[in-house]
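Keeping their order, the protein sequence lines are chains A and B. Heads up: the first sequence begins at 9 in our numbering, then just goes up one per residue. Heads up: the second sequence begins at 121 in our numbering, then just goes up one per residue. The beta-carbon is built from N, C-alpha and C at its ideal position, and this holds for glycine as well. Quantities reported herein were computed from a predicted structural model and do not represent experimental measurements. Report on the following structure.
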Amino acid sequence: MSNCKYCAENDLIYEDANCKAFLAKKGHVPGQIIVVPIQHFTIIEQVPDEIIDHLILVSNQLASVLFEVDENTTGTNMIISNGIPAGQEIPHFSINLIPRFEGDGVNFRWESKKAEPDQLSNAKNLIIKSLEYLDDKEISSEQHVISENDTKQENEKKTDVTKTQSEVDYLIKQLQRRP
Amino acid sequence: MQLTEEQKRMLEEQKAQCVFCRIVNGQIDSNIVYEDETIIAFLDIFPASIGHVIVIPKEHYQLMAYMPKDVLTHLFRESKKISNAMLIGLEAKGTSMFVASGGSAGQVLPHFGLHIIPRSPGDSIINLQYNDLEKNEALISKLREMTGMKKVQKVEKITVQDKDTEDELFDELEKKDNMEDEIDLDSILDLL
Numbered sequence: 009m010s011n012c013k014y015c016a017e018n019d020l021i022y023e024d025a026n027c028k029a030f031l032a033k034k035g036h037v038p039g040q041i042i043v044v045p046i047q048h049f050t051i052i053e054q055v056p057d058e059i060i061d062h063l064i065l066v067s068n069q070l071a072s073v074l075f076e077v078d079e080n081t082t083g084t085n086m087i088i089s090n091g092i093p094a095g096q097e098i099p100h101f102s103i104n105l106i107p108r109f110e111g112d113g114v115n116f117r118w119e120s121k122k123a124e125p126d127q128l129s130n131a132k133n134l135i136i137k138s139l140e141y142l143d144d145k146e147i148s149s150e151q152h153v154i155s156e157n158d159t160k161q162e163n164e165k166k167t168d169v170t171k172t173q174s175e176v177d178y179l180i181k182q183l184q185r186r187p
Numbered sequence: 121m122q123l124t125e126e127q128k129r130m131l132e133e134q135k136a137q138c139v140f141c142r143i144v145n146g147q148i149d150s151n152i153v154y155e156d157e158t159i160i161a162f163l164d165i166f167p168a169s170i171g172h173v174i175v176i177p178k179e180h181y182q183l184m185a186y187m188p189k190d191v192l193t194h195l196f197r198e199s200k201k202i203s204n205a206m207l208i209g210l211e212a213k214g215t216s217m218f219v220a221s222g223g224s225a226g227q228v229l230p231h232f233g234l235h236i237i238p239r240s241p242g243d244s245i246i247n248l249q250y251n252d253l254e255k256n257e258a259l260i261s262k263l264r265e266m267t268g269m270k271k272v273q274k275v276e277k278i279t280v281q282d283k284d285t286e287d288e289l290f291d292e293l294e295k296k297d298n299m300e301d302e303i304d305l306d307s308i309l310d311l312l
């Protein structure tokens, strides 16, 4: 994508044929590393499994490097934000590796919501059904990748997940038709 | 990594008290959404939002760094599927995937867990405030040195058939890993 900041990023700390890593210009803690696939995907659902494997192995190694590079690092966070509602700023799939220090003032911890037993079992059933559906249909990431045209529109409007949502709506309809 | 008898005993004690291990063993009831030989995914009973899932390896690994490659990649492939299932089944408008390694990062239990949280607009579940970060040339050079980054990498692009390339890619970093083993032992002991 010619207008994608991550596609254009070339001040790298790691690069191979499938992924690259660089320091975040905007983020939470100095030294934060961003790992992205070279190929432009928006959210994880679009990234082929083989690329996921590679990205996660590289990220795991780079997280260890974060410990090594600064002796004050006592922890790391790995955050993947899929979609604008999840806080995704750049519509290019990325894995964020954030070095943590005692008293760094960063707090990603969420507030726990009260969940009733029937809400939980309902959610459980819906997830299981959707997983079965994905297995049945063998919706591989390759098939799920949206067309180049869709991606362009997505980028212009920055409504990546909403765009995918139309596919999802279709999938839901399919799902509802199942007995 | 070789553990001494004393360390093995301590690790067994840690496992016996580990909430995630007890979920794996069925000693604690949970809403399991996916399970196979190596991993299990269940609903968080204190969820950030309804449908919040935790994916863990069945084996007790404290940190991602200790997980075998095949377990780690399998766990993430299935996590991708679960995230997809949330978009379809829960009509989530996005998902957050979150891992905390170490107490300062917010790790609560000594067993690796990947959180997948269904998100909707304006739910402000994870506080991601993006600040401008100053460019640090010294750090960039240091990191480049450590990752063994060269201008031209002679690595073939991954194809579905060719999985060996990953192994080649990590040869260099793995040498470092081996050197770290002593450090790893110390950090395990600290956390035990």
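Spell out whether any CB of chain A is found under 8 Å from the CB atom of Gly171(B).
-> Judged by the 8 Å Cβ criterion, Gly171(B) is in contact with chain A.
Three-way DSSP call (helix, strand, coil) for Val37(A) in this model = Coil, per DSSP.
For chain B, find out if any of its Cβ atoms is closer than 8 Å to the Cβ of Asp57(A); answer yes or no.
-> Using a Cβ-Cβ cut-off of 8 Å, Asp57(A) counts as an interface residue toward chain B, since at least one Cβ of chain B sits closer than that to its own.
With C-beta atoms as the reference, is Ile160(B) less than 8 Å away from Ile176(B)?
-> Yes, the pair counts as a contact, with Cβ atoms nearer than the cut-off.
When the Cα of Ile236(B) is compared with those of Val139(B), Val144(B), Lys255(B) and Gly171(B), which residue comes out closest?
-> Sorting Val139(B), Val144(B), Lys255(B) and Gly171(B) by C-alpha distance to the C-alpha of Ile236(B) places Gly171(B) at the top.
Chain A partners of Met130(B), CB-CB under 8 Å?
-> Among the residues of chain A, none has a CB under 8 Å from the CB of Met130(B); the nearest is roughly 21 Å distant.
Minimum Cβ-Cβ distance from Ser89(A) to chain B less than 8 Å = Yes, because at least one Cβ of chain B sits closer than 8 Å to the Cβ of Ser89(A).
Using a Cβ cut-off of 7 Å, pull out every chain A residue sitting near Glu254(B), in sequence order please.
-> Using a Cβ-Cβ cut-off of 7 Å, Glu254(B) is close to Pro38 of chain A, given in chain order.
With 16 as the cutoff for other CB atoms within 10 Å, does Ser129(A) come out buried or exposed?
-> Exposed, by the Cβ-count rule.
Do the CB positions of Thr267(B) and Tyr14(A) come within less than 8 Å of each other?
-> In this structure, Thr267(B) sits away from Tyr14(A), with a CB-CB distance that is not shorter than 8 Å.
Short Cβ contact (8 Å threshold) for Ile59(A) with Asn104(A) = Result no, Cβ atoms of Ile59(A) and Asn104(A) do not sit closer than 8 Å.
Please confirm if Pro45(A) has its CB atom under 8 Å from at least one CB of chain B.
-> Taking Cβ atoms only, chain B never reaches closer than 8 Å to Pro45(A), which makes this a no.
Three or more beta-carbon pairs under 8 Å between the region 201 to 214 of chain B and the region 227 to 243 of chain B, yes or no?
-> Yes: at least three Cβ pairs fall under 8 Å.
Name the one or two DSSP bridge partners that Met266(B) has.
-> Bridge partners of Met266(B): none, in fact.
Per-residue DSSP class, three states only, for Val43(A) = The DSSP-derived three-state label of Val43(A) is strand.
Under 9 Å between beta-carbons, which chain A residues line up against Phe218(B)? List them in chain order, please.
-> Result: Asn85, Met86, Ile87, Ile88, Phe116 and Trp118.
Start and end residues, alpha helix (DSSP H) containing His194(B) | For His194(B), the enclosing alpha helix (DSSP H) starts and ends at Lys189 to Gly209.
Starting from Thr82(A), find everything on chain B with Cβ-Cβ shorter than 9 Å and list it in chain order.
-> Per Cβ cutoff of 9 Å: Gly222, Gly223, Ser224 and Ala225.
Determine the closest residue to Arg195(A) out of Leu142(A), Thr82(A), Ala25(A) and Ile52(A), with distance taken between C-alpha atoms.
-> In the structure displayed, chain A extends from 9 to 187; residue 195(A) sits before or after that span and is not available.
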